[in-house]
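J.: Dropping a structure here in structure tokens format, bear with me for questions.
Number of protein chains: 2
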Amino acid sequence: MQFVLEIAMGDPLYQQIRDQVVLALATGNLFPGDGLPPIRALAADLSINLHTVHKGYEMLEQEGYIHLNRRIGAVVAQPRPFRQDLGPWQQKLRILLAEAWTQGMSGEDMTLTVKDILSGFVPVDTVRPGAEG
Amino acid sequence: MQFVLEIAMGDPLYQQIRDQVVLALATGNLFPGDGLPPIRALAADLSINLHTVHKGYEMLEQEGYIHLNRRIGAVVAQPRPFRQDLGPWQQKLRILLAEAWTQGMSGEDMTLTVKDILSGFVPVDTVRPGAEG
DNA sequence: TGTTTGTTCTATAACTATTATAACACAGTA
DNA sequence: TACTGTGTTATAATAGTTATAGAACAAACA
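Protein chains in written order, with my numbering: chain A, 677 to 809; chain B, 677 to 809.
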């Protein structure tokens, strides 16, 4: 998969790596069983430090998105039916919507935007199209 | 208005203050013309430092939400038809939705959650109910 | 033996968040 | 005049985070 880091933005690099993987998972650019680039390779590719990439991968493992294997590298995990507290997520969503709302965006525009985003998502409990099995 | 800071969460205190104000604006707990608590009073109330509150207020002023006046304190600004780049906002929304999606939440549940949140919002280009003309 | 992978350790520099203390500037009130 | 209440500015200290750097370790495979 391709990583694009927006260095200008305020988010930490390791967070951006993590976000890119989550996004790739939702949009079907990454499937369970797929391998992520080796830490050193990605670091070189992005011209950042090995440890920064490692931190991003560690975060992803902590959240259950990938498995890290000393031998075979980082592999996208099978989606599990665990789901963490919805509370913090809902609060984040509330604040994000409130920001747009106070800037004058209509609720209709927001739901349309949400639908538009969702239309780009694909089921995650599946395997890469074209794979055997 | 009432401020509730969730200290346990990872967000900086000044960011939480800012978020609370934005949320209060969207939900009709705060109206243009309303005054925010004096910096020192709020700091004492929250048992945090004066500068932390100040930073939150500064952020709100930078974003056009409030005016800061040496004499009369912090006052909620009239909503202006400026709106900053939607790009970063959309990207944040994309990532937030992707998180829920990869955790198994359905798109239907998401749009319902959004609608539920939006149903608690009120028009912002108005004045406090019961105020004179 | 050498290569490739993640892992751990130590160190450093820069930046951020928070606290602390003090003083300043302004405008109203006593 | 003096006092009060407001935001503002300056300086400093402490703790934590972010990113970098270099080195070494561990496991598995060719």
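C-beta: ideal position from N, C-alpha, C; glycine also.
Can you find a C-beta in chain A that's less than 7 Å from the C-beta of B:Phe797?
T.: B:Phe797 counts as touching chain A.
J.: Between B:Gly740, B:Asp761, B:Ser782 and B:Gln760, which has its C-alpha nearest B:Val751's C-alpha?
T.: Ranking the options by Cα distance to B:Val751, first place goes to B:Gly740.
J.: Quick one, are the C-beta atoms of A:Ile715 and A:Val729 less than 7 Å apart?
T.: Yes, these two residues count as a Cβ contact at 7 Å.
J.: B:Val798: buried (16+ other C-beta within 10 angstroms of its C-beta) or exposed?
T.: By the neighbour-count rule (16 or more Cβ atoms within 10 Å), B:Val798 is not buried but exposed.
J.: Would you give the residue range spanned by the beta strand (DSSP E) that B:Ile748 belongs to?
T.: Element bounds for B:Ile748: n/a, residue is neither H nor E.
J.: Are the C-beta of B:Leu689 and some C-beta of chain A separated by less than 7 Å?
T.: With 7 Å as the cut-off, B:Leu689 does not count as an interface residue toward chain A.
J.: Is A:Gly780 helix, strand or coil by DSSP?
T.: Three-state DSSP puts A:Gly780 in coil, outside helix and strand.
J.: Under 8 Å Cβ-Cβ, which residues of chain A neighbour B:Leu772?
T.: Correct list: Trp765, Lys768, Leu769 and Leu772.
J.: Where DSSP assigns a beta bridge to B:Gly686, which residues make up the other side?
T.: Beta-bridge pairing links B:Gly686 to no other residue.
J.: Quick one, are the C-beta atoms of A:Val697 and A:Leu744 less than 7 Å apart?
T.: Cβ distance not < 7 Å, so A:Val697 and A:Leu744 don't count as in contact.
J.: Starting from A:Pro755, find everything on chain B with Cβ-Cβ shorter than 9 Å and list it in chain order.
T.: In chain order: Thr778, Gln779 and Gly780.
J.: Is it right to say B:Ile693 is buried, meaning 16 or more other beta carbons lie within 10 angstroms of its own, or is it exposed?
T.: By the neighbour-count rule (16 or more Cβ atoms within 10 Å), B:Ile693 is buried.
J.: Among A:Ala774, A:Arg746 and A:Leu794, whose alpha-carbon lies nearest the alpha-carbon of B:Leu794?
T.: When each option's Cα is compared against that of B:Leu794, the closest is A:Ala774.
J.: At the level of alpha carbons, what is the spacing between A:Ala717 and B:Gln767?
T.: If I take the Cα positions, the gap works out to 26 Å.
J.: Would you say A:Ala702 reaches chain B, if we count a Cβ-Cβ gap shorter than 7 Å as a contact?
T.: By this cut-off, A:Ala702 is an interface position.
J.: I'd like to know if B:Ile748 contacts chain A, where contact means its C-beta is closer than 7 Å to some C-beta of that chain.
T.: Not one chain A Cβ lies under 7 Å of B:Ile748.
J.: Compute the distance between the beta-carbons of B:Val800 and B:Leu701, then report whether it is under 7 Å.
T.: Yes.
J.: In angstroms with no decimal places, state the Cα-to-Cα distance between A:Gly809 and A:Glu784.
T.: Reliability of the predicted coordinates at A:Gly809 is poor, the pLDDT of 43 falling under 50, and the value obtained from them is presented with this limitation in mind. Those two C-alpha atoms are separated by around 43 Å.
J.: Indicate the three-state DSSP secondary structure (helix, strand or coil) for A:Gly732 in the structure shown.
T.: It is helical.
J.: Among the candidates B:Asp710, B:Ala753, B:Ile724 and B:Asn725, whose CA atom is the shortest distance from the CA of B:Gln738?
T.: Taking only the C-alpha atoms, the option nearest B:Gln738 is B:Ala753.
J.: Can you tell me whether A:Val697 is helix, strand or coil according to DSSP?
T.: It is helical.
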